[in-house]
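Those letters in the sequence shown? Residues 809 to 938, by this note's numbering.
Please read the structure below before turning to the comments.
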Amino acid sequence: MVEWLEEQWKALKTNEVWGLWKESFPIISGLTKETGIFDDEQLLIKLTWLLDTIGAKFGHEFKRMLNINATDANTGTFSRFTEKTNTFDDFAEISVASSSLPGIFPSTKWGDKVFIDGGVIYGADLSSAV
């Protein structure tokens, strides 16, 4: 698994993670029409593919503890997502939500909530990692 992940990381290209909006003035569009300067739609596609690939090889479940945090942009509430509270297949979208740096990448609408980076209100959550 570690070797496979290393291969994926080495082969990863920037355009598989983020790009400019498909507009005449992409950065201005990101600032005025979107919730972030850069479009990270490709990140969700890549993470979904990675989880599907891993799931096909190892089962669609986590074998170890997992903790990802995001902030509800509407309420400022800190949200914790774990392997016990969410399905394996939800974690592509949860990961994108957690990496949605305000102003840089668009917020992530998931269910009835809008999420941004979990570090906005609470830095690295070391206590839950331990």
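Using N, Cα and C, we set each Cβ at its ideal position, and we do this for glycine too.
Could you please give the first and the last residue of the uninterrupted alpha helix (DSSP H) stretch that includes residue i?
i	result
I853	E849 to F866
K818	V810 to A819
P834	P834 to T840
E901	F899 to S906
Do residue j and residue i come within 8 angstroms of each other at the CB atom, strictly closer than that value?
i	j	result
D848	F889	no
L939	S903	Not covered by the structure: residue 939. The range shown for the chain is 809 to 938.
N877	S887	yes
F870	F896	yes
L852	A819	no
V825	Q850	yes
S908	D880	no
G844	G911	yes
K921	N882	yes
Q816	L859	no
Would you list the residues sitting across from residue i in a DSSP beta bridge?
i	result
F889	I876
W918	K921
G844	G911
G884	For G884, which the question treats as bridged, DSSP gives no partner whatsoever.
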